[in-house]
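Enquirer: Structure incoming, see below.
Protein chains in written order, with this note's numbering: chain A, 1069 to 1236; chain B, 1069 to 1236.
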């Protein structure tokens, strides 16, 4: 892969709020292109909420044409109802990537924290501070889901960089 | 809704095996049009597996043009890894229905057992026997996932019938 430019779309899955962050990775430098969150309202049938999220991600993919889609793995949840909803949303994100023919990678929260903050036990605030610093942003991205999605994208960029070093 | 014909696609979600069953419901009679299971192999990246399942369901929806898609709710799982995989597959099924513009309903295992076997504590074998009997089949549908999917479709048919009676 060398020093070629890579556009990476990071996704933090959720049904009510699906965080996204698009970064450009070139010559070991990263910059933010766009970040935010897709939201859906409670009370709307779940298949329609998933359709809206899938459509929103499809539009982002069309707009930025990312080389890679990076999606956070689901790791821990207090209750089963939450894990079902988040997993269904994650399924919609995986499908949006696959149906666009994009490469798709998953990263665990541990991998993301290690890559972005330097250690796997970093707390949410430390990761957000590092996202702000690494992307030269004036503020910590809001909502939290957007900052998390940028962290996934950064983790993916560093992983591609490592793979690239091995390739050489 | 009265006595109008309804085609119902029932789905029992899963990543390795996604059961499906298509029935026609008319004049309080039900008949099986097609049943089976979509399968994906372990070792294939999960976004590609979901894409294959989504594509397979899309082809079934195009072929039978169901009025309603009925999907089993996720209720109980021994381990978290399983619930994540099944929920992602359920997300793909919900999306296949939503992106085809189909009405979509969910039914819990309890509702399905009550509707098909007459009581919520019925075991798997009792439900399968009733699926065979109600659809006038010579054998219990195989694999189990197909029989489960037909049970979801039958449960949905009876629910629509009840709604229809209330409408009148």
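C-beta atoms are modelled at their ideal positions from N, C-alpha and C, and glycine is treated no differently.
Using only alpha-carbon positions, find the residue among A:1174, A:1152, A:1131, A:1151 that is nearest to residue 1162 of chain A.
Expert: As a position in the first chain, residue 1162 of chain A is number 94, starting the count at 1. When each option's Cα is compared against that of residue 1162 of chain A, the closest is A:1174.
Enquirer: Check the DSSP bridge columns for residue 1155 of chain A and list the partner residues they point to.
Expert: The count along the first chain starts at 1 and reaches residue 1155 of chain A at position 87. In the DSSP output, where bridge partners are listed per residue, residue 1155 of chain A has none listed.
Enquirer: Which word fits residue 1127 of chain A, buried or exposed, when buried means at least 16 other C-beta atoms lie within 10 angstroms of its C-beta?
Expert: Counting from 1 along the first chain, the entry for residue 1127 of chain A is found at position 59. That one is exposed.
Enquirer: Taking 8 Å as the threshold (beta carbon to beta carbon), is residue 1166 of chain B in contact with chain A?
Expert: Walking along the second chain from the start, residue 1166 of chain B turns up at place 98. Closer than 8 Å to some Cβ of chain A, the Cβ of residue 1166 of chain B qualifies, so yes.
Enquirer: Are residue 1079 of chain B and residue 1140 of chain B closer than 8 Å when you measure CB to CB?
Expert: Walking along the second chain from the start, residue 1079 of chain B turns up at place 11. Walking along the second chain from the start, residue 1140 of chain B turns up at place 72. Yes, the pair counts as a contact, with Cβ atoms nearer than the cut-off.
Enquirer: Would the segment 1187-1194 of chain A count as touching the segment 1182-1192 of chain B if we require 3 or more Cβ pairs under 8 Å?
Expert: no
Enquirer: At the level of alpha carbons, what is the spacing between residue 1179 of chain A and residue 1159 of chain B?
Expert: One-based indexing of the first chain puts residue 1179 of chain A at position 111. One-based indexing of the second chain puts residue 1159 of chain B at position 91. Near 25 Å, if we compare the C-alpha coordinates of residue 1159 of chain B and residue 1179 of chain A.
Enquirer: Starting from residue 1128 of chain B, trace the alpha helix (DSSP H) in both directions and tell me its first and last residue.
Expert: Within the second chain, the letter at position 60 stands for residue 1128 of chain B. Residue range 1114-1132 is occupied by the alpha helix (DSSP H) that includes residue 1128 of chain B.
Enquirer: Kindly indicate the opening and closing residues of the alpha helix (DSSP H) around residue 1208 of chain B.
Expert: The sequence position of residue 1208 of chain B within the second chain is 140, counting from 1. It is not in any alpha helix (DSSP H) - residue 1208 of chain B carries neither H nor E in the DSSP assignment.
Enquirer: Taking only the alpha-carbon atoms, compute the straight-line gap between residue 1241 of chain B and residue 1211 of chain B and give it to the nearest angstrom.
Expert: Any answer about residue 1241 of chain B is impossible in this case: the structure gives chain B only from 1069 up to 1236.
Enquirer: Determine which residues share a DSSP beta bridge with residue 1080 of chain B and list them.
Expert: In the second chain, the residue the question calls residue 1080 of chain B occupies position 12. Note: residue 1080 of chain B sits in a beta bridge opposite B:1087.
Enquirer: Determine the extent of the alpha helix (DSSP H) in which residue 1105 of chain B is found, giving its start and end residues.
Expert: Indexing the second chain from 1 puts residue 1105 of chain B at position 37. Unbroken run through residue 1105 of chain B is the beta strand (DSSP E), 1097-1107; no alpha helix (DSSP H).
Enquirer: Pull the bridge partners of residue 1093 of chain B from the DSSP assignment, please.
Expert: As a first step, residue 1093 of chain B is located in the second chain; it is residue number 25 there, counting from the start. Bridge partners of residue 1093 of chain B: B:1074, B:1098.
Enquirer: Cβ of residue 1099 of chain A within 7 Å of any heavy atom in the ligand FMN?
Expert: In the structure on display, the ligand FMN does not appear, and there are no ligands present to speak of.
Enquirer: Can you check whether the CB of residue 1102 of chain B is closer than 8 Å to the CB of residue 1132 of chain B?
Expert: The residue given as residue 1132 of chain B occupies position 64 in the second chain. The residue given as residue 1102 of chain B occupies position 34 in the second chain. In contact: residue 1132 of chain B and residue 1102 of chain B (Cβ atoms closer than 8 Å).
Enquirer: Starting from residue 1138 of chain A, trace the beta strand (DSSP E) in both directions and tell me its first and last residue.
Expert: Indexing the first chain from 1 puts residue 1138 of chain A at position 70. 1136-1140 is the span of the beta strand (DSSP E), which, as asked, contains residue 1138 of chain A.
Enquirer: Three-state secondary structure (DSSP) at residue 1229 of chain A?
Expert: For this step, residue 1229 of chain A is matched to residue 161 along the first chain. DSSP places residue 1229 of chain A in helix when its eight states are reduced to three.
Enquirer: Counting only beta-carbon separations shorter than 8 Å, does residue 1124 of chain B have a partner in chain A?
Expert: Locating residue 1124 of chain B in the second chain gives position 56, where the first residue counts as 1. Chain A contact via Cβ: absent.
Enquirer: Run down chain A in chain order and give the residues with a C-beta less than 8 Å from the C-beta of residue 1157 of chain B.
Expert: For the purposes of this step, residue 1157 of chain B is taken as residue 89 along the second chain, with counting starting at 1. The contacting residues are 1159.
Enquirer: List the endpoints of the continuous beta strand (DSSP E) containing residue 1175 of chain A.
Expert: Locating residue 1175 of chain A in the first chain gives position 107, where the first residue counts as 1. Segment 1171-1175, the beta strand (DSSP E) holding residue 1175 of chain A.
Enquirer: Ordered along the chain, which non-local residues of its own chain (more than five positions away) have a Cβ less than 8 Å from that of residue 1154 of chain A?
Expert: The residue given as residue 1154 of chain A occupies position 86 in the first chain. Cβ neighbours of residue 1154 of chain A beyond the five flanking positions: 1081, 1082, 1083, 1142, 1145.
Enquirer: Under the three-state reduction of DSSP, which class applies to residue 1191 of chain B: helix, strand or coil?
Expert: Translated into positions along the second chain, residue 1191 of chain B becomes position 123. It is coil, neither helix nor strand.
Enquirer: Please state whether DSSP places residue 1110 of chain B in a helix, a strand or coil.
Expert: By one-based count along the second chain, residue 1110 of chain B stands at place 42. Correct three-state label for residue 1110 of chain B: coil.
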